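Engineer: A single structure is presented below for examination.
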Amino acid sequence: MSQLGGPLDTGDLIAGRAGLRPRRSRRRIPPKEAVRSSLIALVSSVVVLGGLAVVVTSSPNWPDVQHAFFDGEIFAYSLPKVVEAFGTNVALFLIAEVLILVLGLVLAVLRGLPGPVFFPLRLLATVFVDFFRAVPGLLVIALLGFGIPGLGLAGVPNDTFFWAVVALTLVYSAYVSEVYRAGIESIHWSQEAAARSLGLSRLQALRYVIVPQAVRRVIPPLLNDFIGLQKDTVLVSTLGVVEIFRESSIIKAAKFNFTPYLAVALVFVVITIPMARLVDWLVARERSGRAAAG
Amino acid sequence: MTGPVIAPDPGSRPGPALAIEGLHKSFGDLEVLKGIDLELARHEVVCLIGASGSGKSTLLRCVNLLEPVDAGRIVVEGDEITAKGVDVNRIRRRIGIVFQAFNLFPHMSVLDNVTLAPRKVLGLAPPEATARATELLERIGLADKRADYPDRLSGGQQQRVAIARALAMQPDILLLDEITSALDPELVAEVLAVIRELAATGMTMLIATHEMGFARDVASRVGFLHGGRILEIAPPAEMFAAPREARTQQFLQRVIDAGRL
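Note that the protein sequences, when read in sequence, are chains A and B.
With this note's numbering, you'll find the first sequence wraps up at 311, consecutive numbering, no jumps.
With this note's numbering, you'll find the second sequence wraps up at 244, consecutive numbering, no jumps.
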C-alpha cells in the first residue's frame, strides 16, 4: 500500500477539498503501523476461524457430516463434471445479459416518455416492471418453461433452454430498467436543457446526451444485478436443463453424497468474487471521479 | 476578428430580429414575468440588468422556449414562435443560448460538444461539421483543446466552448444567461472578449448580465428588469449616467457601492 502513497496524496487533496468524508482505503498508513495492523488482523482471523473450526468439528455428528459433505474423492470426481455443466449456465447468463441490457433500457425510456400521447406505453412498461418484480423468478421460469411448450402451438419453440433465457430476461429486465431509470433521473436537467436548446429532439437528447452519461453511472449496480442473475441460472434446473446444479444433483443422487454441491459453490465463488471486487473498484472510481469534477 | 460574419444576414426581411409582446410567465402562484415588451433590431445587442430573481433568466429561457409561455407573443425574424403547433426543435436551431453553468456535455470531447448538434440536427457530414467547429474553436483560441474533455478545462475555457457550441448552429439570435457569474474573476475577461468580438461581427444578442462595465461597452441598449417588468430601457450612456427611475438609481447605486461599476 505504501508505494501507492504518491498518487493517493492527490486523491486525498481532492476528496478533502470536496468536503468528502475520508475513505478507509485512501488513508495513508505509515509502514511500521501497517505491519502492526496486518499482524493484528492475521492473529484475530486465525483465532476467529480456528475457533469456528473447533466448534464445528467437535459437534456430535461431525464425522457423519464430514463424510456426507467433505468427501475429497467425490469432490475430485465431481468438480470437472460440474465445471463442464457450468458452460450451460455461462451460455444462459451471457445471452440473457445482452437481452436484458437492451430490454431494460427500452423499458426505462418508455417509462420516462412525457405527455398524454405516450400514456399507453408508459402504462404497459410500468405494468411489466411491476409484474415481473412481484412474481418470484422460479415461478416465471416454471410457468414459461412448462406452460408455453405445453400449449403445443405451431412455430413456438419448446426448447427449455430457450424459455429459460426468456424467463430470466423478463425478470431481470424489470430490475435493470429501474437501475437505468435511476441513472437517467440522476442526470441534471440542465444537460437536457443544453441539448434541447441546440435543437435536438427529446429522443436525440436522450440518445446522445442523457443515456450515455446515465449508463456510465449505473454500471456498478448493473453488474450487481448480473451477479444475482448468474446465481439465479441454477433455478433453470427445475425445467430439466442440465446445468451446473442439475449435474451436481445427479452426482449427489448416484453417490448418496452432498459433496458435489460444495464443488458447485466453489465454482460460483470463483466466478463471483472477482466481479464483486470489480464492482467495488468501479464504485470507488466513480465516486472519486465525481469528487474531482467538483 | 477576421473571417466571415458569423451572424447570417436574413437579407431584406423587414421588421425586428426579435419582438416580445406582453410576455407573461408564472411558476405556480409566483408570477415572474408580468408583461414584457421588447424589440431587438438586427445586429443589436441588448443587455438586461437587474437584481437576482428579477426575471432575467426566465425571460431568456422563454425566448428559447425552454419554458412554456403563459401569455404574449415572441416573434423571431417575422415568425411567431409562440404560435400553436410550431416545431419547437426547428425554432431552437435559430436561437442559441449560453448558460451560466456552461452545461457542456461531460462525456464528449470539446470537438464533439461543438459538432453534435450540427451533425444530428442539421445533418452536416462529419468532415463539414468538424471544419465548422475547428474554425470556431480557432476564433475562441481553443483549437488545441479540441480533443480534451470539459473537466480538463478551466471555467473560462468551458464557457468559451459553450459559446462555440451555440454558434455552430449559426443562430439568428444568441441569448447569454449570466455567462460570467459562475467564473472566477480572473477568467471573466477572456469570456467577455469573445462576446465583444461577436458583437463586432453583428451578432444579434440578448444578454442577462451583472457585468455593468461590459454592458456599458457592448450594449446598444440596456434594460433594467424589476419585479417582472422592464422598468427602463435606454442606451448605456444614458442608463448609467442618468437613470430616470428611482428603482434603477437604487440598483445602480448598490452596484457602485459593491465596486462593480
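Where is the CB? At the ideal position from N, CA and C, for every residue including glycine.
All of these numbers come straight from a predicted model, not from anything done at the bench.
Out of curiosity, what's the CA-to-CA distance linking residue 204/A and residue 236/A?
Structural biologist: Numbered from 1 along the first sequence, position 187 holds the residue referred to as residue 204/A. Numbered from 1 along the first sequence, position 219 holds the residue referred to as residue 236/A. One C-alpha to the other measures close to 14 Å.
Engineer: Between the C-alpha atoms of residue 224/B and residue 171/B, what's the straight-line distance to the nearest angstrom?
Structural biologist: Position 241 of the second sequence, counted from the first residue, corresponds to residue 224/B. Position 188 of the second sequence, counted from the first residue, corresponds to residue 171/B. One C-alpha to the other measures close to 24 Å.
Engineer: Compare the Cα-Cα distances from residue 119/A to each of 163/A, 193/A and 141/A and report the closest residue.
Structural biologist: For this step, residue 119/A is matched to residue 102 along the first sequence. Comparing Cα positions, the closest option is 193/A.
Engineer: What is the rounded straight-line gap between the Cα of residue 150/B and the Cα of residue 79/B?
Structural biologist: In the second sequence, residue 150/B corresponds to position 167, counting from 1. In the second sequence, residue 79/B corresponds to position 96, counting from 1. Cα to Cα, the separation comes out at about 7 Å.
Engineer: At the 8 Å Cβ level, is residue 152/B part of the contact set with chain E, yes or no?
Structural biologist: No chain E is part of this structure, whose protein chains are labelled A and B.
Engineer: Which residue's Cα is closest to the Cα of residue 236/B: 11/B, 4/B, 174/B and 34/B?
Structural biologist: As a working mapping, residue 236/B is identified with position 253 in the second sequence. Ranking the options by Cα distance to residue 236/B, first place goes to 34/B.
Engineer: Given a threshold of 16 other Cβ atoms within 10 Å of its Cβ, counted over all protein chains shown, does residue 88/B qualify as buried or as exposed?
Structural biologist: Working through the second sequence from its first residue, we reach residue 88/B at position 105. The residue in question, residue 88/B, is buried, as its Cβ has 16 or more Cβ neighbours within 10 Å.
Engineer: Are there three or more Cβ pairs, one per stretch, closer than 8 Å when the segment 229 to 248 of chain A is compared with the segment 188 to 202 of chain A?
Structural biologist: Because the criterion of three Cβ pairs below 8 Å is met, the segment 229 to 248 of chain A and the segment 188 to 202 of chain A touch.
Engineer: For the segment 84 to 103 of chain B, enumerate the residues whose C-beta is nearer than 8 Å to any C-beta of chain A, in chain order.
Structural biologist: Those would be 84, 86, 87, 88, 89, 90, 99, 100 and 103, in chain order.
Engineer: Measuring straight from C-alpha to C-alpha, what distance separates residue 191/A and residue 246/A?
Structural biologist: Counted from its first residue, the first sequence places residue 191/A at position 174. Counted from its first residue, the first sequence places residue 246/A at position 229. Those two C-alpha atoms are separated by around 12 Å.
Engineer: Going along the chain, which residues of the segment 134 to 145 of chain B sit with their C-beta nearer than 7 Å to a C-beta in chain A?
Structural biologist: Per Cβ criterion, the list reads 134.
Engineer: Would you kindly check if the distance between the Cβ of residue 96/B and the Cβ of residue 214/A is under 8 Å?
Structural biologist: In the first sequence, the residue the question calls residue 214/A occupies position 197. In the second sequence, the residue the question calls residue 96/B occupies position 113. No; because the gap between Cβ atoms is not below 8 Å, this pair is not in contact.
Engineer: Distance cutoff 8 Å, beta carbons only. Does residue 120/B sit that close to anything in chain A?
Structural biologist: The count along the second sequence starts at 1 and reaches residue 120/B at position 137. By this cut-off, residue 120/B is not an interface position.
Engineer: Check each residue of the segment 48 to 63 of chain B: if its Cβ is closer than 8 Å to any Cβ of chain A, include it; give the result in chain order.
Structural biologist: Within the segment 48 to 63 of chain B, the residues whose Cβ lies closer than 8 Å to some Cβ of chain A are 49, listed in chain order.
Engineer: Considering only C-alpha positions, which residue in the set 186/B, 167/B, 73/B and 29/B is nearest to residue 146/B?
Structural biologist: For this step, residue 146/B is matched to residue 163 along the second sequence. Considering only alpha carbons, the answer is 186/B.
Engineer: By a C-beta neighbour count over all protein chains shown, 10 Å radius and 16 as the cutoff for buried, is residue 154/B buried or exposed?
Structural biologist: As a first step, residue 154/B is located in the second sequence; it is residue number 171 there, counting from the start. Buried, since its Cβ has 16 or more Cβ neighbours within 10 Å.
Engineer: Check whether the Cβ of residue 207/A lies closer than 8 Å to any Cβ atom in chain B.
Structural biologist: To locate residue 207/A, count along the first sequence from 1; it is residue 190. Yes, contact with chain B.
Engineer: Any idea what DSSP makes of residue 318/B, helix, strand or coil?
Structural biologist: Chain B is shown from -16 up to 244; residue 318/B falls before or after that span and cannot be answered.
Engineer: Note down, in chain order, each residue of its chain lying with its Cβ closer than 8 Å to the Cβ of residue 128/A, except the 5 sequence neighbours on either side.
Structural biologist: Taking the first sequence and counting its residues from 1, one reaches residue 128/A at position 111. Excluding positions up to five away in sequence, the list reads 139, 142, 143, 146, 194 and 198.
Engineer: Chain A beta carbons: is any one of them nearer than 8 Å to that of residue 10/B?
Structural biologist: The residue you call residue 10/B lines up with position 27 of the second sequence. It does not; no Cβ of chain A falls within 8 Å.
Engineer: When the Cα of residue 256/A is compared with those of 183/A, 60/A and 218/A, which residue comes out closest?
Structural biologist: Here the question's residue 256/A lines up with position 239 in the first sequence. Closest by alpha carbon: 183/A.
Engineer: Reducing DSSP to helix, strand and coil, say where residue 0/B ends up.
Structural biologist: Your numbering for residue 0/B matches position 17 in the second sequence. Coil, per DSSP.
Engineer: Between -2/B, 166/B and 42/B, which has its C-alpha nearest residue 14/B's C-alpha?
Structural biologist: On the second sequence, position 31 is the one that residue 14/B refers to. Measuring from the Cα of residue 14/B, the nearest candidate turns out to be 42/B.
Engineer: With 8 Å set as the bound, which would you pick, yes or no: does the beta-carbon of residue 211/A sit closer than that to a beta-carbon of chain B?
Structural biologist: Within the first sequence, residue 211/A is the residue found at index 194, counting from 1. So, interface residue.
Engineer: Quick one: which chain A residues come within Cβ less than 9 Å of residue 82/B?
Structural biologist: To locate residue 82/B, count along the second sequence from 1; it is residue 99. Within 9 Å Cβ-Cβ: 207, 210, 211 and 214.
Engineer: Counting beta carbon pairs with one atom in the segment 215 to 230 of chain A and one in the segment 88 to 98 of chain A, are three or more of them shorter than 8 Å?
Structural biologist: Output reads no: the segment 215 to 230 of chain A does not touch the segment 88 to 98 of chain A.
Engineer: Which class does residue 187/B belong to by DSSP, given the choice of helix, strand or coil?
Structural biologist: Counted from its first residue, the second sequence places residue 187/B at position 204. Residue 187/B: strand per DSSP, three-state reduction.
Engineer: Taking a contact to mean a Cβ-Cβ separation below 8 Å, would you say residue 222/B touches residue 205/B in this structure?
Structural biologist: Within the second sequence, numbered from 1, the residue matching residue 222/B stands at position 239. Within the second sequence, numbered from 1, the residue matching residue 205/B stands at position 222. Yes. Within cutoff.
Engineer: Using a Cβ-Cβ cut-off of less than 9 Å, list which residues of the segment 172 to 194 of chain B approach chain A; keep chain order.
Structural biologist: Those residues of the segment 172 to 194 of chain B that come within reach of chain A (Cβ to Cβ, closer than 9 Å) do not exist; the list is empty.
Engineer: Can you list, in chain order, the residues of its chain whose CB lies under 8 Å from that of residue 116/B, leaving out five sequence neighbours each side?
Structural biologist: Along the second sequence, read from residue 1 onward, the residue named residue 116/B stands at position 133. Around residue 116/B: 94, 97, 98, 101, 129, 147 and 151.
Engineer: Jot down the residue ranges of each uninterrupted beta strand (DSSP E) in the segment 67 to 102 of chain A, minimum 3 residues, whole runs only, in chain order.
Structural biologist: Listed in chain order, there is nothing to give.
Engineer: So what does DSSP say about residue 272/A, is it helix, strand or coil?
Structural biologist: Counting from one through the first sequence, the residue named residue 272/A turns up at place 255. Reduced to three states, the DSSP call for residue 272/A is helix.
Engineer: Within its chain, find whatever has a CB closer than 7 Å to the CB of residue 158/A; leave out the 5 residues flanking it on each side and keep chain order.
Structural biologist: Here residue 158/A refers to the residue found at position 141 of the first sequence. The answer, listed in chain order, is 181, 184, 252, 253, 255 and 256.
Engineer: Do residue 174/B and residue 181/B have their beta-carbon atoms positioned less than 8 Å apart in this structure?
Structural biologist: On the second sequence, residue 181/B is found 198 positions in, with the first residue counted as 1. On the second sequence, residue 174/B is found 191 positions in, with the first residue counted as 1. Not a contact, by the Cβ cut-off of 8 Å.
Engineer: Using a beta-carbon distance below 8 Å, is residue 226/A in contact with chain B?
Structural biologist: Position 209 of the first sequence, counted from the start, is the residue given in the question as residue 226/A. Judged by the 8 Å Cβ criterion, residue 226/A is in contact with chain B.
Engineer: Let me check one thing: in DSSP terms, what residues is residue 9/B bridge-paired to?
Structural biologist: As a working mapping, residue 9/B is identified with position 26 in the second sequence. Partner(s): 14/B.
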